[in-house]
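For reference, the structure discussed in these notes is given below.
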Amino acid sequence: METPSPTQIKEAREKAGLTQSQAAALIYKGLRTWQGWEAPVGEKGHRKMDIAFWELYNMKVALNAHK
10 METPSPTQIK EAREKAGLTQ SQAAALIYKG LRTWQGWEAP VGEKGHRKMD
60 IAFWELYNMK VALNAHK
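Numbering-wise, the sequence shown is residues 10 to 76 according to the working numbering.
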């Protein structure tokens with residue numbers, strides 16, 4: 010599994026129907042951190058999402074979809 014791109018992160022969040030704040034809260038992170046993950050590479054504030062957070066996010070979205 011690779012580190013997701015900002016586009017992949019944004020598309021996954023939008024597909025789940027979550028705001029940035031909701032997505033961040035789902036994995037116990039702050040809004041600014043999530044915004045940094047969605048910021049384009051090279052833009053001020055961009056951060057790479059750790060693969061563990063990406064995996065946790067996807068697992069929790071999948072679990073919530075089955076409720």
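Virtual Cβ for every residue (Gly too), placed ideally from N, Cα, C. Since we're looking at a predicted model, the values are computed, not measured.
Subject >> Contact set for Leu40: own chain, Cβ-Cβ below 7 Å, skip 5 residues either direction >> reply: Taking the sequence shown and counting its residues from 1, the one referred to as residue 40 is at position 31. Once the five neighbours on either side are set aside, the close Cβ partners of Leu40 are Gln29, Ser30, Ala33.
**OP:** For Met68, count neighbouring C-beta atoms within 10 Å of its own C-beta (all shown protein chains included) and say buried if the count is 16 or more, exposed if not.
**Re:** As a position in the sequence shown, residue 68 is number 59, starting the count at 1. Classification for Met68: exposed.
Subject >> Residue span of the alpha helix (DSSP H) that contains Pro15, given as start and end >> reply: Translated into positions along the sequence shown, residue 15 becomes position 6. Going by DSSP, Pro15 is part of the alpha helix (DSSP H) stretching over 15-24.
**OP:** Output yes or no for whether 7 Å exceeds the beta carbon distance between Gly45 and Gly54.
**Re:** On the sequence shown, residue 45 is found 36 positions in, with the first residue counted as 1. On the sequence shown, residue 54 is found 45 positions in, with the first residue counted as 1. A contact, by the Cβ cut-off of 7 Å.
Original post:
When burial is assigned at 16 or more other CB atoms within 10 Å of the CB, is Met10 buried or exposed?
Top reply: Here the question's residue 10 lines up with position 1 in the sequence shown. Residue environment analysis places Met10 among the exposed positions, since fewer than 16 neighbouring C-beta atoms fall within 10 angstroms of its C-beta.
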